[in-house]
Every structure is written in C-alpha cells, then in structure tokens.
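In what follows, a structure is listed as structure tokens, so that the remarks can point back to it.
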Amino acid sequence: MKHIKQNDPEVFDAMLNELKRQEGNLELIASENFVSRAVLEAGGSVLTNKYAEGYPYRWGRKSGELNYKLYGRYYGGCEYVDETEKLAIERARELFGAEHANVQPHSGSQANMAAYFSLIKPGDTILSLELSHGGHLTHGHPLSFSGNLFNIVPYGVKPGAEVFDYDKIRELAIEHKPQMILTGASAYPRTIDFVAFRKIADEVGACFVVDMAHIAGLVAAGLHPNPVPYADIVTSTTHKTLRGPRGGLILCREKYAKEVDKWVFPGTQGGPLCHIIAAKAIAFGEALKPEFKTYQQQVINNADALAQALVDEGFTLVSGGTDNHLLLINLGGEETGNPSGKKMEGALDKAGITANKNTVPFDTRKPFVASGIRLGTPAVTTRGMKEAQMKQIAGFIREVLDNVDDDEKLADIKKRVSVFTTQFPLYTDLIADAE
Ligand code: DSN
6 MKHIKQNDPE
16 VFDAMLNELK
26 RQEGNLELIA
36 SENFVSRAVL
46 EAGGSVLTNK
56 YAEGYPYRWG
66 RKSGELNYKL
76 YGRYYGGCEY
86 VDETEKLAIE
96 RARELFGAEH
106 ANVQPHSGSQ
116 ANMAAYFSLI
126 KPGDTILSLE
136 LSHGGHLTHG
146 HPLSFSGNLF
156 NIVPYGVKPG
166 AEVFDYDKIR
176 ELAIEHKPQM
186 ILTGASAYPR
196 TIDFVAFRKI
206 ADEVGACFVV
216 DMAHIAGLVA
226 AGLHPNPVPY
236 ADIVTSTTHK
246 TLRGPRGGLI
256 LCREKYAKEV
266 DKWVFPGTQG
276 GPLCHIIAAK
286 AIAFGEALKP
296 EFKTYQQQVI
306 NNADALAQAL
316 VDEGFTLVSG
326 GTDNHLLLIN
336 LGGEETGNPS
346 GKKMEGALDK
356 AGITANKNTV
366 PFDTRKPFVA
376 SGIRLGTPAV
386 TTRGMKEAQM
396 KQIAGFIREV
406 LDNVDDDEKL
416 ADIKKRVSVF
426 TTQFPLYTDL
436 IADAE
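Counting the sequence shown from 1 gives a position; the working numbering is that position plus 5.
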C-alpha cells in the first residue's frame, strides 16, 4: 500500500486499521470470507481501467447460440478482458453444470433484478421467503425494488421446527397463482429442497428462481443439492462461501440466456467490472480444485461443532442446529432478560468478535434491534480453524453474554481473542509491508 500511504495518508490509515481488524478479530459474519492473494491481486489490477460494454461473444442470428468468434463489445481493445471473461464464464458453467453463465452482475441484488426482469413483468406475483424468516431484501421487501415493482406473497418457516413448510408453500402457490416462485436465503440454516419447489412451481405454472448466494460454495463442492438442474434461473454472489471477489453471478438454462444477458447489459448495468470478472475467473478456478471440497466440508463441520458447543453453553438455536455454514442464536424476547441482538452485536464487537444481529422467525423486535445473532464459519475456516477452535469460540460468546454491560471484561476478552487469532495468521505480511 506504499502509494496510498504516500498519496493519501487519511485513506491509508483507515485501510491499515481495517487490515488489522480483519487480522486480529474473529470474523463470524456468515456472508463474509477471506479471498486468496491471487483474487486480491486481480481485484486491485489495471483491468479496472477498461470499458467493455457488451460481451466477449455475440448471439448467432440463426442458431440463437452464443458465438465467441463474433465480437460483441461496444469498445475497442477488449481482446484481453475477453479472455478473462470467457474463462470466468466457462469455469462457472463447469462448476455448477449450467447451460449459460453471466458473470457481469456487480452484486447479488443486481443479479436478482436482471433475473426477475428476464422472467416476469412489473405487477406480477412472486412467492418468496419473508425477510424475518431468513429471506433477503431483494426477495420482496417493500423498501427494495422487488417489493415496489412486484406483488409479493411471503412464505415462512413452521412454528416450532423452524424449517420450511412445503405443504403450506404449496397451498399459498395454489391460492395466489404466482408467476414466479423464489427461494434462497440469507439466514436459513437448513438444506433447501429444490425438487419440492420445482414440483410446486410446475403445479401452478410458475417459473422458479433460486438465489443461492449464501450456499454457492457448498453447492460448488457438492455438499448442498445443486439448484441448477431444477431452477429456470439461479443467481448468486461470488464472495460468500464461494470465496471470490465481491460481485454477482447468474446461471440459467439456454432458453433464458439471451434475455438474461440483455437484462444485465444494457437492462440494468453499464460497463462490467473487468478486474472483478478476472478475480471471479480465478476464484472459480480455485473452486474447481479438490482442496476446495475439503475446505467446504470443514466449513460445515465447523458450523456443526460451533452449534453443538453453543447449545452446550446454554444457547437456543433456530431450528436446533445447522446443515450448512451458518447458525442463528435466538436470544429470546424481552421477557427472558437476555440482551437484544443489537446489544449482543455491540458487546461482541467490543470483545473483538464480529457478527450481526438478525431477526429470528416470529421475532417480536424490529429488524434493527432483533432477537437473534447470525454466525457463520466460512471466514474462520479459511484461516485454518477447526472443531477445537469452535469450542473455544462458543466459550468466548458465552462470556460476552454473561458480561454484556461490563466494558472492562469485554476488553479483556478482546485481548484473549487477539492472542487466539494470532495462531491463525491471515495477512501478516501485508501489515508488515504497509507499516
Ligand atoms: N448482506 C448479505 C448477508 O449478509 O447475508 C445478504 O446480501
């Protein structure tokens, strides 16, 4: 970071502090991860300078198939970014067994917007998972484009078991006849049955979209069922379990490919982020290697170990545990005397443990306060932590709960967390270089 240090000390200071925070804290945000140095390099490369509106192929007029031999860009000089985009597309297709991949969405939200517009029109009905039961803003929240443009019918989890109620989802589909059924979640700790959703969609004549952002890495490793064979369109981000750069991805059947491409560019975006597309290509290449499966298996083993250890420490978990990379602590309502999710998040922060408050199903608190804490293991697993460390982390979290108002005690936990994380170095050479 020597150029930043020389040119802009204020930005440099903030960036160095963030680097140290990532190194010294325990990162338990379920949607975060630490990318490889190769992905990091591509993200900070000269490819950021290039405009490349269009695609590295054109749609054949007669065949209706994409053709890499035909030039599909609106600018000259794209021959090298064509190569990185082709690599990203072909690797994404191989990784997920998809007929078509669009690697240009800047984010998961933009991937979702392009996917919906490819299949339905404003005013149409979407049956989707409610935010407070684990869904996502872009699945129909009134403050998102999705809730503004479409008629949303929400489904949730069963009281008690806190898992999807497929019979109820079917009843809602029959009653409301949605044009689109959407699944995928940002806070659902259980395996999703894509076959059941496809059957319901077929029964009511709806199209079926899956947002697999959270579980994409598990899917790539074959450790969660793959939605690609069942959904018309699958969207994802690339930076969560998939451990790539911050960005979006769309996979679809050939018959929707042209429409999806049109809705990404020019429908919802301009020039693609060529540096990020190169970083996606590298991350997909990493995910195709056997060691990626070993990593994802450890992510799941760690989540299970953390869940077990938290239950042993007296915590209640939504649905009792986890099948994937995340879990949700339910701290209970005000009557329990436990802190809210917001208060617990703040106390964890003071102890050097980064997590986020989250609503739990049937929460009585508002989303900004919430009664839950969401935890995930992708980032700590990337650092090399295993089951034994998950037990220690559960112990730290229990100590934080017991000392939620005691800043001195929280500062003491932070010191111990910092010593704990030094056993799993992450970017120590980057810190040394920067200082
Ligand atoms: N912000 C993401 C998450 O934390 O799950 C969803 O977009």
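C-beta: ideal position from N, C-alpha, C; glycine also.
All figures in this text were calculated on a predicted structure; none of them were measured in a lab.
Item: Under 8 Å between C-beta atoms of S241 and L254; Value: yes
Item: By C-beta, the residues closer than 6 Å to any heavy atom of the ligand DSN, given in chain order; Value: S36, G113, H141 and S191
Item: Sequence ranges, beta strand (DSSP E) only - wholly within the region 365-423, length at least 3; Value: 377-381
Item: Other residues of its chain near K163: CB distance less than 6 Å, five sequence neighbours each side excluded; Value: D170
Item: Whole-Å CB distance - G145 paired with P159, under 8 Å assumed; Value: 7 Å
Item: When N153, P230, K362 and R63 are compared against Y121, the one with the closest alpha-carbon; Value: N153
Item: Span separating the alpha-carbon of F297 from that of E180; Value: 43 Å
Item: Cβ pair count under 8 Å reaching 3, the region 377-386 against the region 35-52; Value: yes
Item: Top-ranked residue by Cα proximity to G351, from A375, T369 and F155; Value: A375
Item: Opposing strand residues paired with E32 [DSSP bridges]; Value: T359
Item: Alpha carbon of L124 to alpha carbon of K267, nearest angstrom; Value: 12 Å
Item: Beta-carbon contacts of E32 that lie in its chain and below 6 Å, excluding the five residues immediately before and after; Value: T359 and A384
Item: Backbone secondary structure at D309 - three-state DSSP; Value: helix
Item: Segments of 3+ residues assigned as beta strand (DSSP E) that fall wholly inside the region 85-117; Value: 105-107
Item: Residue from Q27, H8, D412 and C83 whose Cα sits closest to the Cα of P277; Value: C83
Item: Identity of the residues DSSP links to D216 by a beta bridge; Value: T240
Item: Limits of the beta strand (DSSP E) - the one that T130 falls within; Value: T130 to L134
Item: H141 versus D129, P127 and M118, residue with shortest Cα-Cα distance; Value: M118
Item: Host beta strand (DSSP E) of G448 (start-end); Value: Coverage of the chain is limited to positions 6 through 440, which leaves residue 448 absent and any answer about it impossible.
Item: DSSP state of P271 mapped onto helix, strand, coil; Value: helix
Item: Those runs of the beta strand (DSSP E) which lie wholly inside the region 309-333 and span at least 3 residues; Value: none
Item: Within 8 Å, strictly: CB atoms of K3 and G346; Value: Because the chain in this structure spans residues 6 to 440, residue 3 falls outside the shown range and cannot be described.
Item: Under the three-state DSSP convention, the category N159 falls into; Value: Strictly speaking, residue 159 in this sequence is Pro, with Asn absent from that position. In this structure, P159 counts as strand in the three-state DSSP scheme.
Item: Selection from T196, T273 and E23 that minimises the alpha carbon distance to F150; Value: T273
Item: Span separating the alpha-carbon of A314 from that of I398; Value: 9 Å
Item: Boundaries of the beta strand (DSSP E) in which L75 is found, first to last residue; Value: L75 -> no beta strand (DSSP E), and no H or E assigned at all.
Item: The alpha helix (DSSP H) enclosing T433, as first and last residue numbers; Value: T433 to A439
Item: Coarse secondary structure for F425, derived from DSSP in three states; Value: helix
Item: Separation of I205 from M185, as counted between CA atoms; Value: 11 Å
Item: C-beta contact flag for V269 and G102 at 8 Å; Value: no
Item: For V323 and K396, the rounded distance between their alpha carbons; Value: 19 Å
Item: Option nearest N329 by Cα separation, candidates L187, R195, F429 and Y73; Value: R195
Item: Backbone CA spacing between P366 and Y80 [nearest angstrom]; Value: 49 Å
Item: Reference L353, options D18, K414, T341 and R78, closest by Cα; Value: K414
Item: N335 (DSSP reduced to helix, strand or coil); Value: strand
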